[in-house]
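Taking it in order: structure first as structure tokens, then the write-up.
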Amino acid sequence: MSAIMYWIWLLKKGSEIVSPIIVTYDELLRDVCRFANVLKGLGIKRGDRVAIYMSVTVELVTVMLACARIGAIHSVI
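Going by the UniProt record's numbering, the residue at position 37 of the sequence shown is 37; the numbering climbs one at a time, nothing skipped.
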């Protein structure tokens with residue numbers, strides 16, 4: 001495979017992986033509240049530390065905001 005063909009393949013592969021996701025504030029709030037309840041159900045409370053190991057996605061933002069909502073300290077790894 002030539003270098004040019006490799007870059008074309010890489011660009012096409014990248015466009016398949018990355019697709020825009022549109023989330024409204026209402027949807028985000030609903031998901032944040034839902035996951036905050038999951039965290040509380042697991043016994044996580046204000047001041048607890050939560051380590052998050054995920055790629056940068058909409059779901060990561062949801063988890064971070066859910067931690068903030070219940071007062072837990074989050075750390076993204």
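For glycine and all other residues, C-beta sits at the position ideal for the given N, C-alpha and C.
- Judged by their CB atoms, THR62 and VAL32 are nearer to each other than the 8 Å cut-off.
- In the DSSP assignment, no residue is bridged to ILE70.
- Distances from the CA of ILE70 to each of TYR53, LEU28, LYS45, ARG49 were compared; the closest alpha carbon is that of LYS45.
- For ILE52, the closest C-alpha among the options GLY41, ARG34, LEU29, ALA72 is that of ALA72.
- DSSP places VAL56 in no alpha helix (DSSP H); its state is neither H nor E.
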